[in-house]
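As you go down the protein sequences, you meet chains A and B in turn.
Position one of the first sequence corresponds to residue 1 (the numbering used here), numbered consecutively onward.
Position one of the second sequence corresponds to residue 373 (the numbering used here), numbered consecutively onward.
Structure record follows, encoded as structure tokens.
Number of protein chains: 2
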Amino acid sequence: MRIGVLGAGQLGRMLALAGYPLAKDFVFYDMSGSPSAGLGETIVDRDGKYLDDFLSRVDRVTYEFEHLPVEVAEELAKHKPVHPCPRALQVCQNRVAEKTLFGQLGIPTPEWKVADSADSLKAAAEELGCPVVAKSITEGYDGKGQAVLKSPDQADDAWDMIGHPQVIVEKFVNFSREVSIIAVRAEDGDVAFYPIAENTHHEGILRYSIAPAPGLQAHVQKDAERYIKALLNELNYVGVLTLELFETPEGLVANEMAPRVHNSGHWSIEGAMTSQFENHIRAVSGHPLGSVEPRGLSCMINIIGEHGDIERILELPYAHVHLYNKGERAGRKLGHVNILADSYKELVWRVRTCAQFLPGCPEFKSSLTAKG
Amino acid sequence: MRIGVLGAGQLGRMLALAGYPLAKDFVFYDMSGSPSAGLGETIVDRDGKYLDDFLSRVDRVTYEFEHLPVEVAEELAKHKPVHPCPRALQVCQNRVAEKTLFGQLGIPTPEWKVADSADSLKAAAEELGCPVVAKSITEGYDGKGQAVLKSPDQADDAWDMIGHPQVIVEKFVNFSREVSIIAVRAEDGDVAFYPIAENTHHEGILRYSIAPAPGLQAHVQKDAERYIKALLNELNYVGVLTLELFETPEGLVANEMAPRVHNSGHWSIEGAMTSQFENHIRAVSGHPLGSVEPRGLSCMINIIGEHGDIERILELPYAHVHLYNKGERAGRKLGHVNILADSYKELVWRVRTCAQFLPGCPEFKSSLTAKG
């Protein structure tokens, strides 16, 4: 079976690495002009001229990023199975559609309003009560196109900075930590849930994910499973879905979803019985799902901007290095390191040992270090 | 770094799958006319016309099979680092050279003699005492070119069957089980040893490997490590080396070595902190070695000839499927399944559950099942 992947970055690369052992072949369709998957066939096509060619070479289609034109996915879906369904893309590309769907399915969100001018942004900020977060409705990625308003007076500046015709204004959530749940749904409707991960961001980029999230109460995991399952079933979804959430004293609040394998699930390569990548390929190919049980405790550390001293990291007996074979550039995701341990105490020590070899890696702060 | 691999079968494929996350690229050089790696670039060249081209594309050279002309490896080694060294090939291609080296290094072997005629085979059988095993001196693979003589009278038939100008005649070893040790040596001389695996063959083909080998006494592991370390250091070896041994009540007896990753080490993909494939790539690339610690108990089941009911195996939460994307053919290695467990009792049950979906898979017999 040949799987066509829209996008040709590191997520596609890791999907392929997980898919070859299941006898899948891969064709990547790159619209960026700078594919980096480094595996399989790659069709570079900035003008949509070779979509037919792409289609003719594949049996099923999936994607590794959600900012592709929905029309393209819909057109492809007329000819070959496209998983996840184009509707999932549509929802993710519009924060209003996304929050509306969350609301319909009983998934808690921050209070939110829509604004289409600096004045209405100011009004929304007043009504919701500051601080609020204003975000462009479309094309959000890694914290771009967002602004925090500490008072309604900042509406003009925020509006100019975001520079979009419409923004969603969300009441600031006083969260104790950021978490995510990753789930996978098979063609037959079977669903499996990875344990919730705790995520630490720095300058808008994910830096650390710990899974299972330390100190998580069982009912919180159950809540997250109920929320993501509602999304999966509503969308008749096939493949891996990620839901980013805030944990608050009052429970979970949904931030956004990603219709794909996700950076906060990279720990699963060595940290779970079946990685998110293999499970996505299994689902997309019509196979049964693999076990999502964790194998011990994991922390994923992103390698951002510079590679650092990889040789020293390779010496650490508990570290697994995953490089994307990309050139160094500020803010760019170049790879990640998965750290394994049997206790959270040991995990903290190991993560800190590893992080010292990664220049620019922010100090490891998590619910674990806060407690200690 | 681009790694050139001589051979393009499933071992090369799994080397590449382990090497991409370390930012390696792969070029395969295939002399068989039927490459199956399915990854990286492949140069198919039955006449040696494109060796220069191959060399120009790679930084380092390794190989996935030992039946390639030593002259080719020696020629390549004049231009690029070739790991393991061509001398390792030379030793492995000649059973007399191999047994002689074992003897020089104090590695126990069966008593053996060389015969170059049916008469001298008969004389050797009489002198050693039957049963003896006669093997062609070169090109042995998966039990081909071998004969067991229960009495010296069978010398004529055995000689004709083997059809080689020279045979090695070995006294039959009354072993309790077949085992193997896999070790890896880095460029700087650092050495790491995987736990000994217990191997079960059927019709000359490996069917099951259990690691760590159940009930193994610590001094037996130490003996095996001493033997393989002597070989690694003598050969100034870089990469993974496999030593197949018989376990007997009197200790280990060496059968043969393979200068490469080995089927009896496939369990290490999920069953060890670092797989044999990753460690081979690390060594060949000049990186430090990864931890060889086992992660629980593993059994590898080979998929031979037919794929069987892979969908059912994919449903088993403790099974990891590795397919080589090859067509079915009697006796052909098509893939393997790694089974994980926390106890040997559970491992036996799981292996039997899995094996029932593999037609032609012989009943699981091992030191575990023999004990009842």
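Using N, Cα and C, we set each Cβ at its ideal position, and we do this for glycine too.
Please read these numbers as outputs of a predicted model, since none were measured by experiment.
Within chain A, partners of residue 645(B) - CB distance below 9 Å: Within chain A, the residues placing a beta-carbon under 9 Å from that of residue 645(B) are 270, 317, 318, 320 and 340, ordered along the chain.
Enclosing beta strand (DSSP E) for residue 225(A) [first to last residue]: Note, residue 225(A): premise wrong, no beta strand (DSSP E); alpha helix (DSSP H) at 218 to 234.
Name the one or two DSSP bridge partners that residue 554(B) has. Paired residues: 614(B).
Our contact map puts residue 6(A) next to residue 50(A) with C-beta atoms below 8 Å; I'd like the distance itself, whole angstroms only. Between residue 50(A) and residue 6(A) the Cβ distance is about 12 Å, and since that is not below 8 Å, they are no contact.
Secondary structure of residue 177(A), DSSP reduced to three states: Three-state DSSP puts residue 177(A) in a strand.
Is residue 372(A) close to chain B, meaning its C-beta is less than 8 Å from at least one C-beta of that chain? Below a pLDDT of 50, predicted positions are generally treated as unreliable, and residue 372(A), at 43, falls in that range; the measurement from the model is reported next regardless. Chain B has no Cβ within less than 8 Å of the Cβ of residue 372(A).
With DSSP as the reference, label residue 14(A) as helix, strand or coil. Three-state result, residue 14(A): helix.
Within 10 angstroms of its Cβ, does residue 161(A) collect 16 or more other Cβ (buried), or is it exposed? So residue 161(A) ends up on the exposed side.
Identity of the residue in 672(B), 700(B) and 653(B) nearest residue 375(B) by Cα: Considering only alpha carbons, the answer is 653(B).
Where DSSP assigns a beta bridge to residue 108(A), which residues make up the other side? According to DSSP, which records beta bridges pairwise, residue 108(A) is partnered with nothing at all.
Check whether residue 604(B) and residue 563(B) have beta carbons under 8 Å apart: Yes, they are a contact pair.
Anticipated Cβ contact below 8 Å, residue 283(A) with residue 186(A), distance rounded: Approximately 5 Å separates the beta-carbon atoms of residue 283(A) and residue 186(A); this is inside 8 Å, confirming the contact.
Taking 6 Å as the limit between beta carbons, can you name the residues of its chain near residue 372(A), skipping five residues before and five after? With a pLDDT of only 43 at residue 372(A), under 50, the local geometry of the prediction cannot be trusted, and no value is derived from it.
Going straight from the alpha carbon of residue 646(B) to that of residue 667(B), what length do you get? A straight-line Cα-Cα distance of about 10 Å links residue 646(B) and residue 667(B).
Taking 8 Å as the threshold (beta carbon to beta carbon), is residue 715(B) in contact with chain A? Answer no: the Cβ-Cβ gap between residue 715(B) and chain A never drops below 8 Å.
Whole angstroms are fine: how far does the CA of residue 293(A) sit from the CA of residue 662(B)? If I take the Cα positions, the gap works out to 24 Å.
I need the straight-line Cα distance from residue 537(B) to residue 486(B), nearest angstrom please. Roughly 11 Å separates the two Cα atoms.
Return the chain-ordered ranges of every beta strand (DSSP E) run that is complete within the segment 107 to 170 of chain A and spans a minimum of 3 residues. 112 to 115, 132 to 136 and 146 to 149, all fully within the segment 107 to 170 of chain A.
For a test of the three-state rule: what should DSSP assign to residue 309(A), helix, strand or coil? Here DSSP, grouped into helix, strand and coil, assigns residue 309(A) to coil.
Using a Cβ distance threshold of 8 Å, determine whether the segment 706 to 717 of chain B contacts the segment 670 to 682 of chain B, with at least three qualifying pairs required. Result yes; three or more Cβ-Cβ pairs closer than 8 Å.
Does residue 731(B) get closer than 8 Å to chain A when you measure Cβ to Cβ? For residue 731(B), the closest Cβ of chain A is not nearer than 8 Å.
Does the Cβ of residue 701(B) have 16 or more other Cβ atoms within 10 Å, making it buried, or fewer, making it exposed? Answer is exposed; the Cβ neighbour count stays below 16.
In this structure, does DSSP put residue 89(A) in helix, strand or coil? It is helical.
Can you give the beta carbon distance from residue 601(B) to residue 630(B), rounded, assuming they're within the 8 Å contact cut? Not really, about 16 Å apart at Cβ, beyond 8 Å.
Please confirm whether residue 367(A) and residue 215(A) have their CB atoms less than 8 Å apart. Annotated as proximal: residue 367(A) and residue 215(A), with beta-carbon spacing under 8 Å.
For residue 445(B), report the span of its alpha helix (DSSP H) as first-last. Residues 442 to 449.
Quick check: what's the CA-CA separation for residue 541(B) versus residue 442(B)? Roughly 25 Å between the two C-alpha positions.
Among 561(B), 721(B) and 731(B), which residue has its Cα nearest to the Cα of residue 741(B)? Nearest of 561(B), 721(B) and 731(B) to residue 741(B), Cα basis: 721(B).
Of the residues that make up the segment 695 to 707 of chain B, which ones have a beta carbon closer than 7 Å to any beta carbon in chain A? Against chain A - using a Cβ distance shorter than 7 Å - the residues of the segment 695 to 707 of chain B are 695 and 697.
Taking C-alpha atoms, which residue in 203(A), 314(A), 12(A) and 23(A) lies nearest to residue 331(A)? Comparing Cα-Cα distances from residue 331(A) to each of 203(A), 314(A), 12(A) and 23(A), the minimum goes to 203(A).
Please report whether the beta-carbon of residue 287(A) lies at a distance below 8 Å from any beta-carbon of chain B. Closer than 8 Å: yes.
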